[in-house]
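Colleague: In this note's numbering, the protein residues as written are 7 to 241.
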C-alpha cells in the first residue's frame, strides 16, 4: 500500500525548504515526508502531477533546485589507473534549498520567509501581513503579489541580485498561476492562509481547485516578466 496523501505536519527532524509548494508536497507525502534524499525524477513527477505543470516547466524548476543544492552520491572502485569515483545518485534535501549565497536560490524579500537567514518555515508575522493584504482586497491578484514583494524589497533597503530577481519573479508567477481562481483572477484569502501559512493543499484541491489546464513554461515566463515589471514599477 502506498503512502496516504492526507496532510501530516513535519516533525522536528523533518527537513523543509523556504517554499510552500515543495513543503506541501512533503507534508502530503507526494515526495519523502522527511524531506531528505529526494531524487530528481521524484520531484519532477510530483510537481507535474500535483500542480499540473508541463514537463518543460517542471523540468526547469526541478533543475534549478538540483543544480544549486543537489548532492551526488559516489561509487568508488579501482582499475589499472587507480581509484575511480563515479556518481551513482543525485538527490536533494529540502533544507539545503535554504542555503544562502549569490549562486543559491533562497532570496530576500520573500512573501512569508524571513530575509537574511536560512528559513525552513513561514514567519508568522509575514504570513499575517500577506493574509491581511489578501483579506483587504478580497484575494491576491498578480499585481497584489508584486506589490507585496516590492514592499519587502523597500524594507530591505537594497535590491536583489539578478539571479534572485529572476527566482523571485518565477516564484510569484508560478504561485499565482497555480493558486488563482480562473473565474476571478485572484488567490482567495483562504488559499493564502492554507498554502503559504500552513503549507498544505487547499480544500477541494482534487475536486476542481487544482489547475484544470496545464501550466506551461511559456505562460510562466510571460507571467514572470509581467510580475517583474510590476515590481519595478512599484519601487
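Here a beta-carbon is modelled for each residue, glycine too, at the ideal position from N, C-alpha and C.
Please read all numbers here as calculations on a predicted model, not as lab measurements.
1. Are there 16 or more other CB atoms within 10 angstroms of the CB of residue 235, so buried, or fewer, so exposed?
2. Straight-line CA distance for residue 213 to residue 145?
3. Go through its chain and collect everything with a Cβ distance to residue 65's Cβ below 6 Å, but skip five positions before and after it.
4. How is residue 138 classed by DSSP in three states: helix, strand or coil?
5. Buried or exposed, going by whether 16 or more other CB atoms sit within 10 Å of the CB of residue 187?
6. Can you look up residue 95 in the DSSP assignment and give me helix, strand or coil?
7. Looking at the unbroken alpha helix (DSSP H) that takes in residue 234, where does it start and where does it end?
8. Helix, strand or coil for residue 178? Go by DSSP, reduced to three states.
9. DSSP state of residue 78, grouped into three classes?
10. In this structure, does DSSP put residue 111 in helix, strand or coil?
11. At which residues does the alpha helix (DSSP H) containing residue 150 begin and terminate?
12. Name, in chain order, the residues that DSSP records as bridge partners for residue 193.
13. Using 7 Å as the threshold, is the C-beta distance between residue 114 and residue 47 below it?
14. Would you tell me roughly how many angstroms separate the C-alpha atoms of residue 232 and residue 112, rounded to the nearest one?
15. Less than 7 Å between the beta carbons of residue 223 and residue 63, yes or no?
Modeller: In short:
1. An exposed status is given to residue 235, since fewer than 16 other beta-carbon atoms sit within 10 Å of its beta-carbon.
2. Going by the C-alpha atoms only, they are around 20 Å apart.
3. Here the set comprises nothing.
4. Judged by DSSP in its simplified three-state form, residue 138 adopts helix.
5. Classification for residue 187: exposed.
6. DSSP places residue 95 in strand when its eight states are reduced to three.
7. Counting along the chain, the unbroken alpha helix (DSSP H) around residue 234 starts and ends at 223-239.
8. Three-state DSSP puts residue 178 in a helix.
9. Residue 78: strand per DSSP, three-state reduction.
10. Shown here, residue 111 sits in coil according to DSSP, grouped into three states, outside any helix or strand.
11. Per DSSP, residue 150 belongs to the alpha helix (DSSP H) from 148-162.
12. Checking the DSSP bridge columns, you'll see residue 193 partnered with 146.
13. Against a cut-off of 7 Å, the Cβ pair of residue 47 and residue 114 comes out as no contact.
14. Each residue's alpha carbon lies about 21 Å from the other.
15. Between residue 223 and residue 63, the CB-CB gap stays under 7 Å.
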